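In the numbering used here, the protein residues as written are 28 to 899.
Notes follow once the structure below has been shown.
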RNA sequence: GGGGUAUUAGCUCAGUUGGCUAGAGCGCUACGCUGGCAGCGUAGAAGUCAUCGGUUCGAAUCCGAUAUACUCCA
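Written as C-alpha cells, this is what we have:
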C-alpha cells in the first residue's frame, strides 16, 4: 500500500465513524506561549481540551505535521542514528471532545489496524497504565484492560508505569492514562530467541510503538494535584511513517516510499550509496529527515533565524549540512537541490510545498552558503588555536568559545583535533555549556499560578471592533511572576473592547476604572489558547465590582492607520512588482509598520516611489472600509482575498476590503483610508534570500518626520545665511574646504620645513648627541610631524619639545633616534614620565617617541632645563 | 528572553599589558614597460577606526549605553 493510500484510508475510516476531517494545522504555533511548534496531533485542539472554545464537531480526525527536537527519545542530536525517530513526522489522529470514550476508542483502533490495514494480530502488543503509588496515588486503568481483553490475549497486554502510560500536556492542564499499541516486525527466528513482550519500550528498531490512545479524564492544577474533568476526551496519535513501515513490510521508516526517493536523490547528488557504510547511512538519514523539517517549516512561513522557532529550524538545517560536510564530503550547497523531489512526492498532500518551492530552495541555499562560510572561518580560528597551544590538549574554554561565539560545531572540532593528534577537554567544554544553560534558564524563569475564578463565564466576547470602552466584570485572574517583569496579573473579562496581539497587530493598552474612581492600567493584551488576557501590574482592589474598561484611543487609532496601510502596501507590491509577492510576516505597531514579503531583488528608487504613490493615491481616494465578519473562506477567496500559508483559518472568516484590496484579517482598521493622511516608506532591506522588508510610517509619524526634516533644513539654511539653494551652497563649501585643506597641508609642510631648518641650527652636540630642548608653538600633531621630520635628517637626535596649548594645559614630547635609544638605553617614555611631574601630569610612549600632558605650564622651563641631564 | 563576539580604506582583513606619525592584499586612478591567459613596475587617491558618553596627559585599543551583524542557550 502506498503511503498516500495509507493516509487516505485512515481518514476515510474515521470519517465513516462520524468524524469531521480537517486539514493539518500550520506547524508553527502562534497562539500558545508554551510551545514553539506543534509537537503532537492534539496541540492544535488544546483550547478545546482547556474548555476555551467549542469544536465544530465533537469527533475530529486529521493527519497533523508535527515537529519534535527534544523529548523522551527525540533529542535532535540522536535523529538519524536509529531508523524510527524523526524531527518532522505526520501524526494520524482521532479525537472525541466529551463524546465517545475508551470503549469506542479502543475498538476502532483495533478494527482499523487488524481489519482494514490487515495487520497480523499476532505481532501486536498493547500497554495499559498500571497505577502509581506516588503523590497522585492513581489506580490501575482496569477499564482499558477489560476492554482490551476482548480483542487480544492477556499475555500481550502489558502494564506500563507513569512514565510510559500516563500522558500530560505540560505541567498543568488536562491529562490521563494512555494505552499504547506496539508492533513487533522482527523475523520469526529472532522472535523465537527473544520474546516480543520483553522488548516493548526498550528502543528496539523493530519493536516500536505505533499508536497512542490517551484517555483524558483529569486536570492537573498548579499546586500539582489532580481533579476529575467534567468531560472526558479521547486523544490519539499514530506515527504515520512507522505505520508505513509496517504496512510496506520494510524494517526501517527510511525504506518506505516516504523517504526512499529522497534518499536515492541524496545518493545521486553526493555520489554515494545508501546501505554500504554505517556513518554515511546515518548522514543520509539525517539529511533526508532534516530536509523535510526545514522545507515544511519554511512553507509554513517560519524561516531560519537566530531566535525562537527560527533558531530551531536553523539548527536542524545546520546539522544536516554538518553531516554532509563530514561524512559525504559536500563542500558546496546541495540540500536545496533536494527540494524538487520532496515537493514532487509530497506536494499533493501538502500543496504549500509545491506553491513555495522556489522560496524554500532560495532560503535553504542561502543558509547553506552562510554556514559553509562559518565553517571556513572556524577552521582558520581552530588552526590558530592549535598553533598557539603549548600542550596536546585544547582547553574546554577555548573549544567552547569557538562553538558559542563563532558557531563552529563541537563534533567537527573534535574530529579535526584528533586528525592532528590533539585532544580536547570534553569535561571543561560541558561545564561551560552548562553554565550558559543555567544563565539562560535563570533569566527566563517564571511561575504561573492557577486561575482564580470569580464568575463562571467561560466565553469572553470581543467587542473591540465596534467599541473602545465597555462596562465589564472580571471573570478570572492569576498572578504570573517572571524575572524580567516581576509580578504581573492577568485578567479575563466577561467581554472586552481590548484587541489582543495577533495578525501582526500589537495588543491594546488602556485602563480599568472602578466606581470609586480607582484606575488600573492595562499594559498589554494577548490571546492565549483562545482567551483574551489583559496584563496589569497590580490587582484591582474591588475585584467583584463592575469596571469601565477603556482602550487607549490614540494608540489604537495610530495602529489602525498602520494596519490599513499595510493592506494597501500589500496590494501596491503585487501591483507594482508582480503577483509573486506574498506576505511573509508583518508587524503593526502604533509608531510604524513592518512588512516582509517574497521578492527576488532589491527595490529600485522608482519602484519604492511608485509603491508610495500607489498607496497615497488610495488614501486620497477616501475609500471606505467594507467589513464582512462572517463570510465563508470559499466565498472570500473567490472575491479575491488571499489566504496566507502558515495561518489557521476557520470555515468562516472576516474579510476586510478597501476598494480592490481584500484580505482575511482579524485586526482593526480605520473607517476610511483618508484617516491615514499620508504613507511614507522609511526603509527597504533584505531579511533573507528572496525575502525583502519594508518599514513605513503613516499619519502623525509622517507629520513628525516631515516637520523634523523641515526643521533641519531650516537650520541648514539659516546657518548658510538663508541662501536659496542650500544644496548648491554646501557643494561649493565642500569644494572650497577640500581646496583649503590642501593649501593648509602645503603651508604646514612649509612651516615645518622652516622650523626644521631653525631647529637644525639650534642643535647642540652634547656627549656625541645632537640635543635640543625647546618650547614651540604647535599643536600635538604639528610637534609629532616636526619631530619625525627632523628625525629623518639626523641619526643621533635627542629632542624635547614643550608646548602650552591652553592656560592650564602643558605638553611635552620627547624624540630620540631609534638607534641611539637602543645603543645607549635611552627611554623617551621614562624622560616624559619623570619630566611630566614638573607640569603636574604624566605620560609615556615607546623608547624613541613619547608624549606627556599636564596642567601646569609654568613647569615647562624647568623641564626643558632638566632634559640634558639624561645625556650624562 | 539571556549570554558571547564583531564593527578599521570600495572589498577581505592586520593592528599583542593604552603611546609603533593607522597598515597589508585585492580593487581604483595616473604614468611607464609589456605580444594575449588575473602580465610587470612606479607613483597616487581613498579612513569622523559604527554612534554617543566616560576614564586618562593621551583611546582604534579600557569602561558604559545605543545600533547593526554573527553566534550559542532558553
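All residues carry an ideal CB built from backbone N, CA and C; glycine is no exception.
If you're wondering where the values come from, they're calculated on a predicted model, not measured in any experiment.
- DSSP places residue 407 inside the alpha helix (DSSP H), whose first and last residues are 384–415.
- Following the DSSP letters along the chain, one finds residue 268 inside the alpha helix (DSSP H) bounded by residues 267–274.
- Inside the stretch 97–149, DSSP marks whole beta strand (DSSP E) runs of 3 or more residues at positions 115–124, from first to last along the chain.
- A direct Cα-to-Cα measurement between residue 548 and residue 616 gives close to 19 Å.
- The C-alpha of residue 404 is placed about 16 Å away from the C-alpha of residue 444.
- In the DSSP secondary-structure assignment, residue 231 is bridged to 234.
- Between the stretch 492–511 and the stretch 666–680 there are fewer than three inter-stretch CB-CB distances shorter than 8 Å, so the stretches are not counted as touching.
- Around the beta carbon of residue 480, fewer than 16 other beta carbons sit within 10 angstroms, so the residue counts as exposed.
- Taking a cut-off of 8 Å on C-beta distances, the stretch 106–121 does not touch the stretch 241–251, as fewer than three cross pairs fall below it.
- Of the residues assessed, residue 580 falls on the exposed side of the cut-off, its CB having fewer than 16 other CB atoms within 10 angstroms.
- Going by DSSP, residue 733 is part of the alpha helix (DSSP H) stretching over 726–746.
- One thing to note: residue 140 has its Cβ within 7 Å of the Cβ of residue 146.
- With contacts defined by Cβ atoms closer than 7 Å, residue 696 and residue 652 form a contacting pair.
- Cβ-Cβ separation between residue 111 and residue 280: approximately 5 Å, consistent with a contact (criterion under 8 Å).
- Nearest to residue 338 by alpha-carbon distance, out of 351, 380, 355, 320, is 320.
- Around the C-beta of residue 482, fewer than 16 other C-beta atoms lie within 10 Å, and the residue is accordingly described as exposed.
- Between the stretch 841–859 and the stretch 810–830, the count of C-beta pairs closer than 8 Å reaches three or more; the two stretches touch.
- Contact between the stretch 594–605 and the stretch 560–577 is absent: fewer than three C-beta pairs spanning the two stretches fall below 8 Å.
- Setting aside the 5 residues that flank it on each side, residue 163 is surrounded in the same chain by 253, each with a C-beta closer than 7 Å to its C-beta; the list follows chain order.
- Taking residue 456 as the centre and dropping the five residues before and after it, the same chain places the C-beta of 423, 426, 427 closer than 6 Å to its C-beta, in chain order.
- Residue 156: member of the beta strand (DSSP E) spanning 151–156, first to last residue.
- Under DSSP, residue 878 forms a beta bridge with 840, 871.
- When the beta-carbon positions are compared, residue 33 and residue 274 come within less than 7 Å of each other.
- Residues of the same chain with their beta carbon placed closer than 7 Å to that of residue 605 are lacking, with the five preceding and five following residues left out of the count.
- Here residue 194 carries a strand assignment [DSSP, helix/strand/coil].
- With fewer than 16 other Cβ atoms inside 10 Å of its own Cβ, residue 733 counts as exposed.
- In this structure, the alpha-carbon of residue 819 lies about 41 Å from that of residue 412.
- Remark: fewer than three beta-carbon pairs, one from each stretch, lie closer than 8 Å, so the stretch 88–99 and the stretch 213–221 are not flagged as touching.
- DSSP links residue 311 through a beta bridge to no other residue.
- With respect to the 7 Å criterion, residue 46 and residue 90 are not classified as neighbours on the basis of their beta carbons.
- When the five nearest sequence neighbours on each side are left out, the beta carbons in the same chain lying within less than 7 Å of the beta carbon of residue 53 are those of 327, 673, 674, 675, in order along the chain.
- DSSP, reduced to helix, strand and coil, places residue 544 outside both helices and strands of the structure shown, so it counts as coil.
- In the three-state scheme derived from DSSP, where H, G and I count as helix and E and B as strand, residue 896 is classed as helix.
- For residue 281, no alpha helix (DSSP H) encloses it, and the DSSP letter there is neither H nor E.
- CA-to-CA, the gap between residue 230 and residue 359 works out to about 36 Å.
- Of all C-beta pairs linking the stretch 338–356 to the stretch 307–326, three or more are shorter than 8 Å, placing the two stretches in contact.
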